[in-house]
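What follows is a single structure, written as C-alpha coordinates, with notes after it.
Numbering (my numbering), first residue to last: -18 to 61.
In C-alpha coordinates form, the structure reads like this:
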(Lines of atoms letter the chains of each structure in order from A and count residues from 1; the text may use other names and numbers.)
(Lines give C-alpha, C1' and ligand atoms only; values in the text may rest on other atoms or scores of the structure.)
Protein backbone atom coordinates (compact mmCIF):
# COMPACT_ATOMS: atom_id res chain seq x y z
CA UNK A 1 0.00 0.00 0.00
CA UNK A 2 1.34 3.44 -0.89
CA UNK A 3 1.54 6.31 1.55
CA UNK A 4 -0.71 9.36 1.06
CA UNK A 5 0.82 12.20 -0.93
CA UNK A 6 2.57 14.96 0.96
CA UNK A 7 2.14 18.53 -0.38
CA UNK A 8 5.79 18.69 -1.48
CA UNK A 9 5.63 15.44 -3.41
CA UNK A 10 4.76 15.42 -7.08
CA UNK A 11 2.04 12.87 -7.78
CA UNK A 12 2.44 10.28 -10.50
CA UNK A 13 0.55 12.39 -13.10
CA UNK A 14 2.99 15.28 -12.65
CA UNK A 15 0.55 17.88 -11.33
CA UNK A 16 1.20 19.50 -7.98
CA UNK A 17 -1.46 20.38 -5.50
CA UNK A 18 -1.99 24.12 -4.99
CA UNK A 19 -0.19 25.78 -2.11
CA UNK A 20 -2.69 26.79 0.56
CA UNK A 21 -0.54 29.30 2.41
CA UNK A 22 -2.88 32.00 3.86
CA UNK A 23 -0.15 34.67 3.70
CA UNK A 24 0.14 34.23 -0.05
CA UNK A 25 -3.61 34.36 -0.57
CA UNK A 26 -4.02 37.54 1.51
CA UNK A 27 -1.27 39.50 -0.26
CA UNK A 28 -2.45 38.61 -3.75
CA UNK A 29 -4.72 41.30 -5.14
CA UNK A 30 -6.15 42.25 -8.49
CA UNK A 31 -3.69 43.46 -11.08
CA UNK A 32 -3.79 47.24 -11.61
CA UNK A 33 -5.70 48.41 -14.67
CA UNK A 34 -3.27 49.65 -17.29
CA UNK A 35 -4.62 51.76 -20.15
CA UNK A 36 -2.23 52.05 -23.05
CA UNK A 37 -2.81 54.80 -25.55
CA UNK A 38 -1.83 54.03 -29.09
CA UNK A 39 0.02 56.55 -31.13
CA UNK A 40 -1.32 57.85 -34.39
CA UNK A 41 -2.25 55.26 -36.96
CA UNK A 42 -0.73 57.20 -39.84
CA UNK A 43 2.87 56.83 -40.81
CA UNK A 44 4.96 59.94 -41.11
CA UNK A 45 7.90 59.74 -43.47
CA UNK A 46 10.66 62.11 -44.39
CA UNK A 47 10.13 64.14 -47.59
CA UNK A 48 11.86 63.01 -50.75
CA UNK A 49 15.24 64.72 -51.20
CA UNK A 50 14.86 67.74 -53.48
CA UNK A 51 11.15 68.25 -52.81
CA UNK A 52 9.67 71.56 -51.67
CA UNK A 53 9.71 71.67 -47.82
CA UNK A 54 6.62 73.97 -47.79
CA UNK A 55 4.41 72.99 -50.75
CA UNK A 56 1.45 75.11 -51.85
CA UNK A 57 -1.92 73.89 -50.57
CA UNK A 58 -3.89 71.68 -52.93
CA UNK A 59 -6.69 73.53 -54.76
CA UNK A 60 -10.26 72.53 -53.81
CA UNK A 61 -11.64 69.86 -56.15
CA UNK A 62 -15.28 69.66 -55.09
CA UNK A 63 -17.90 71.99 -53.75
CA UNK A 64 -19.03 71.20 -50.22
CA UNK A 65 -22.55 70.07 -51.22
CA UNK A 66 -21.77 68.71 -54.68
CA UNK A 67 -22.59 65.08 -53.89
CA UNK A 68 -25.57 65.66 -51.55
CA UNK A 69 -28.31 65.09 -54.17
CA UNK A 70 -26.73 61.83 -55.35
CA UNK A 71 -26.44 60.56 -51.79
CA UNK A 72 -30.12 61.37 -51.09
CA UNK A 73 -31.28 59.70 -54.32
CA UNK A 74 -29.10 56.60 -53.90
CA UNK A 75 -31.38 54.49 -51.68
CA UNK A 76 -32.39 50.82 -51.86
CA UNK A 77 -35.50 50.09 -53.98
CA UNK A 78 -37.57 48.92 -51.00
CA UNK A 79 -37.35 52.38 -49.41
CA UNK A 80 -40.03 53.53 -51.88
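In this text, a Cβ means the ideal position worked out from N, Cα and C, and glycines have one as well. What you are looking at is a predicted structure, and each value in this text was computed from that prediction instead of being measured.
So for residue 50, helix, strand or coil by DSSP?
As a working mapping, residue 50 is identified with position 69 in the chain shown. Reduced to three states, the DSSP call for residue 50 is helix.
If you drop the 5 nearest sequence neighbours on each side, which residues of the same chain put their C-beta closer than 8 Å to that of residue -7?
Counting from one through the chain shown, the residue named residue -7 turns up at place 12. Cβ within range, chain order: n/a, list empty.
Which same chain residues end up closer than 7 Å to residue 28 when comparing Cβ atoms and leaving out the 5 residues on each side of it in sequence?
The residue labelled residue 28 in the question sits at position 47 within the chain shown. 34.
May I ask you to report which of helix, strand or coil DSSP gives residue 58?
As a first step, residue 58 is located in the chain shown; it is residue number 77 there, counting from the start. Of the three classes helix, strand and coil, the one that applies to residue 58 here is helix, per DSSP.
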